[in-house]
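2 protein chains.
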Amino acid sequence: MSNRITLADVAKLAGVHPGTVSRALSGKTENQVNAATVRRVRRAAKQLGYMPNAMARGLRTRSSMTIGVIVPDLMNPIFPPMVRGIDSYLAPRGFSAFVVNTDGKDAAERTLFESLMERQVDGFIVATGHTDHVLMADALARGVLAVMVNREAHGVSFPSVTGDDARGIHEVVAHLSELGHRRILHLAGPRGFSTSEIRESAFQAACSQTGAAGRVVPTSSYSIDAGQSALDVVLDQGVDGFTAVVAANDLLALGAYHSLRMHGLDCPGDISVVGFNDMPFAGDFLPPMTTVRSPHFEMGVEAARLLLEQIASGQSSAVSVKLPVALVVRGSSGPARRRAIS
Amino acid sequence: MSNRITLADVAKLAGVHPGTVSRALSGKTENQVNAATVRRVRRAAKQLGYMPNAMARGLRTRSSMTIGVIVPDLMNPIFPPMVRGIDSYLAPRGFSAFVVNTDGKDAAERTLFESLMERQVDGFIVATGHTDHVLMADALARGVLAVMVNREAHGVSFPSVTGDDARGIHEVVAHLSELGHRRILHLAGPRGFSTSEIRESAFQAACSQTGAAGRVVPTSSYSIDAGQSALDVVLDQGVDGFTAVVAANDLLALGAYHSLRMHGLDCPGDISVVGFNDMPFAGDFLPPMTTVRSPHFEMGVEAARLLLEQIASGQSSAVSVKLPVALVVRGSSGPARRRAIS
DNA sequence: GTGAAAGCGCTAACAT
DNA sequence: ATGTTAGCGCTTTCAC
Chain A
1 MSNRITLADV AKLAGVHPGT VSRALSGKTE NQVNAATVRR VRRAAKQLGY
51 MPNAMARGLR TRSSMTIGVI VPDLMNPIFP PMVRGIDSYL APRGFSAFVV
101 NTDGKDAAER TLFESLMERQ VDGFIVATGH TDHVLMADAL ARGVLAVMVN
151 REAHGVSFPS VTGDDARGIH EVVAHLSELG HRRILHLAGP RGFSTSEIRE
201 SAFQAACSQT GAAGRVVPTS SYSIDAGQSA LDVVLDQGVD GFTAVVAAND
251 LLALGAYHSL RMHGLDCPGD ISVVGFNDMP FAGDFLPPMT TVRSPHFEMG
301 VEAARLLLEQ IASGQSSAVS VKLPVALVVR GSSGPARRRA IS
Chain B
1 MSNRITLADV AKLAGVHPGT VSRALSGKTE NQVNAATVRR VRRAAKQLGY
51 MPNAMARGLR TRSSMTIGVI VPDLMNPIFP PMVRGIDSYL APRGFSAFVV
101 NTDGKDAAER TLFESLMERQ VDGFIVATGH TDHVLMADAL ARGVLAVMVN
151 REAHGVSFPS VTGDDARGIH EVVAHLSELG HRRILHLAGP RGFSTSEIRE
201 SAFQAACSQT GAAGRVVPTS SYSIDAGQSA LDVVLDQGVD GFTAVVAAND
251 LLALGAYHSL RMHGLDCPGD ISVVGFNDMP FAGDFLPPMT TVRSPHFEMG
301 VEAARLLLEQ IASGQSSAVS VKLPVALVVR GSSGPARRRA IS
């Protein structure tokens, strides 16, 4: 694009050496130069409309002040708040977030990772990935600075920040139990994700703790369609007397809504449904969704904080932060009712 | 971060000059070099795990292969699809999108714009802004390449891509008219935005065309709260016999839902509500929302296409693309019914 | 307190 | 077909 004005131009106008202009404009080095000179340089810079060239600076300083943020898909409503959280922490500190979407594809993720490396990002915030996260494993080996958010990978010692999912699921099961539900179905997330695993085992634990009969049905992805077809299969079998569905996330719960509706079942009249995440607009659904609020914005903030801490210190810390979650009771959960299935 | 391997390292291993490595690896210049050499260089590069340094390359070539994307707020659900659309066009062409959020604040927008300029973006896609868009006006003066999406600015000759909003509003009013609505309220968007203006005047035109009585109530922002409080005011007045609300977007319509519910009114039984945009999950609301589908993803694609075209040609074209929209009838619009308001 | 000079890693004339 | 050279715009050590 345009803007051809360089340090040298400013230096010429101010009648000083380019090096001096650099120092005068820097902030960190501003005190190394005569106050009067600083003013003169500033005036010249403003007059010319000087803007530093971030690529030249970055090349010289080996730092881009940019953080690579890798998410599966911005269209999944939990990610925008997370990205905004990240940005809200980075921006005041002079960093920017560069966000890329993998669509859950490992190949794409690898390519995007490389491309962010080429852009010389100063670190990564990674919200994708399986428990067996090959990319992160060798990112670690390469000495890359990163923090994982919402997901964890086994045996990869990056710091991570997640919600206290197990706690959330326990609260859900307790809530359902109080409403009299004794047979509960868990629409589990897809295999190979830490979120799926943690929520599922918390579900099992909570059920045996409250004495409820828990059944787990896995889904193929965290999506409306996957939730719908998984529940369709169960409902079509026509057996089982469960009265409540605990979905591993809100999208799955929405899929459950659809399936129930298709089968002429009322929620929460016939079957209660509880989601997970409290995604935006969850309270506006039909029925308003009972779910667990995950602090996505705060997760982003915390991840950014952890990463900048690493960047400042130059070393990885491998801490793992677990943020509190909260059950939000709305209209999709109600008293258990005996029900006959065709 | 790590990765200290440069062209020179590869050159040494391959036993050739750095310049040759550059050519061998480039694609555009690959044919200028002996095929055997190319292979040797490639092997050396792979063996060392060489990655080009984008800052060094960009500094030299004066191009960052990056597009700055300025949106108000990624948490507004119309933007993620737009961003994905942009990215889907850019990525295969070697470009990346750098997205920033202004939160509707002019000062933030200016700062972010400068920061993207410093990063040497090759062009802008701008989804923010008033009809009186000061920033864009002087961006134009600076010779910056940009396209506006979803919004237009008066007297600023950047290309723009929008939905055919006027057409959409006409279809809404016709739909309502067929359902027997004769008195219709328009919850207009905030003043100073092209979307607000276009939808409002289309509403007026459509009403007089169908002979319906149209009343316009402006809102303070495109948000749920603004929609709710604007309708609250009308409903609290207790006069007026409108039977339908045409909201300038889905968020406003959702606010209308809330207001209606607070006033003990049923939608669509007492009052029909129609939104605009067909944001994600609009069909899952209570009631499922009748709205106009704006092709946000496609708008992103088109904007990216237009911008890359400008970049390739080096000149601005000032075309204005209007993409088709479609009325999506769901459950929030129904037959007009006589109604008594307290 | 400021000037001089080198160099970050790359590409693109220009030579050969 | 490949080597040489210069330089993109900046920061930073080293002089003075």
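So the sequences go chain by chain: A and B.
At position 30 of the first sequence (counting the first as 1) the number is 30 in full-length UniProt numbering, and the numbers step up by one without a gap.
At position 189 of the second sequence (counting the first as 1) the number is 189 in full-length UniProt numbering, and the numbers step up by one without a gap.
For each residue, glycine too, the CB sits at the ideal point set by N, CA and C.
For clarity, every value in this text was computed on a predicted model and none was experimentally measured.
Exposed unless 16 or more other CB atoms sit within 10 angstroms - verdict on residue i
{"i": "P335/A", "result": "exposed"}
{"i": "G155/A", "result": "exposed"}
{"i": "S342/A", "result": "Summary for S342/A: the model assigns pLDDT 40, below 50, so the residue's position carries little reliability, and this model does not support an answer."}
{"i": "N31/A", "result": "exposed"}
{"i": "T61/B", "result": "exposed"}
{"i": "R4/B", "result": "exposed"}
{"i": "G15/A", "result": "exposed"}
{"i": "A8/B", "result": "exposed"}
{"i": "H186/A", "result": "buried"}
{"i": "M262/B", "result": "exposed"}
{"i": "A340/A", "result": "Residue placement at A340/A cannot be trusted, given a pLDDT of 46 that sits under 50; what the coordinates show is reported in the next sentence. Looking at its Cβ environment, which holds fewer than 16 other Cβ atoms inside 10 Å, A340/A is exposed."}
{"i": "S259/B", "result": "buried"}
{"i": "D165/A", "result": "buried"}
{"i": "A318/A", "result": "exposed"}
{"i": "E178/A", "result": "exposed"}
{"i": "Q310/A", "result": "buried"}
{"i": "V10/B", "result": "buried"}
{"i": "P268/A", "result": "buried"}
{"i": "A36/B", "result": "exposed"}
{"i": "H175/A", "result": "buried"}
{"i": "P287/A", "result": "buried"}
{"i": "T20/A", "result": "buried"}
{"i": "P80/A", "result": "buried"}
{"i": "N34/A", "result": "exposed"}
{"i": "V325/A", "result": "buried"}
{"i": "D250/A", "result": "buried"}
Residues bridged to residue i [DSSP beta-bridge criterion]
{"i": "A188/B", "result": "P218/B"}
{"i": "S272/B", "result": "A244/B"}
{"i": "F95/A", "result": "Note: F95/A sits in no beta bridge, so no partner."}
{"i": "S320/A", "result": "S160/A"}
{"i": "R62/B", "result": "Answer is none; R62/B lacks a bridge partner."}
{"i": "M148/A", "result": "V126/A and S160/A"}
{"i": "R142/B", "result": "According to DSSP, R142/B bridges with nothing at all."}
{"i": "A326/A", "result": "R293/A"}
{"i": "R119/B", "result": "Beta-bridge pairing links R119/B to no other residue."}
Beta-carbon gap between residue i and residue j smaller than 8 Å
{"i": "R119/B", "j": "F98/B", "result": "yes"}
{"i": "F113/A", "j": "T66/A", "result": "no"}
{"i": "S272/A", "j": "S332/A", "result": "yes"}
{"i": "R151/A", "j": "G180/A", "result": "no"}
{"i": "D132/A", "j": "G227/A", "result": "no"}
{"i": "P159/B", "j": "S294/B", "result": "no"}
{"i": "K322/A", "j": "T162/A", "result": "yes"}
{"i": "L231/B", "j": "V246/B", "result": "no"}
{"i": "T219/B", "j": "L252/B", "result": "yes"}
{"i": "H296/B", "j": "I78/B", "result": "yes"}
{"i": "E171/B", "j": "A188/B", "result": "no"}
{"i": "R203/A", "j": "G211/A", "result": "First, the residue type needs correcting, since residue 203/A is Phe and not Arg in the sequence shown. Against a cut-off of 8 Å, the Cβ pair of G211/A and F203/A comes out as no contact."}
{"i": "T291/A", "j": "F276/A", "result": "yes"}
{"i": "G58/A", "j": "L116/A", "result": "no"}
{"i": "I168/B", "j": "L327/B", "result": "It should be noted that the sequence gives Gly, not Ile, for residue 168/B. Cβ atoms of G168/B and L327/B: closer than 8 Å."}
{"i": "D73/A", "j": "D103/A", "result": "yes"}
{"i": "V301/A", "j": "Y89/A", "result": "yes"}
{"i": "G255/A", "j": "D284/A", "result": "no"}
{"i": "S196/A", "j": "A127/A", "result": "no"}
{"i": "F242/B", "j": "R337/B", "result": "no"}
{"i": "A56/B", "j": "L13/B", "result": "no"}
Within the stretch 191-262 of chain A, note down every full alpha helix (DSSP H) run reaching 4 residues or more, in order along the chain.
Runs found: 194-210, 224-237 and 250-262.
Assess contact between the stretch 121-128 of chain B and the stretch 140-157 of chain B, defined as three or more Cβ pairs (one per stretch) separated by less than 8 Å. Is contact present?
Contact between the stretch 121-128 of chain B and the stretch 140-157 of chain B is established, with three or more Cβ pairs separated by less than 8 Å.
- prompt: Unbroken beta strand (DSSP E) runs of length 3 or more, entirely within the stretch 7-94 of chain B: which are they?
  reply: Every unbroken stretch of the beta strand (DSSP E) spanning 3 or more residues and falling wholly within the stretch 7-94 of chain B is given here in chain order: 66-71.
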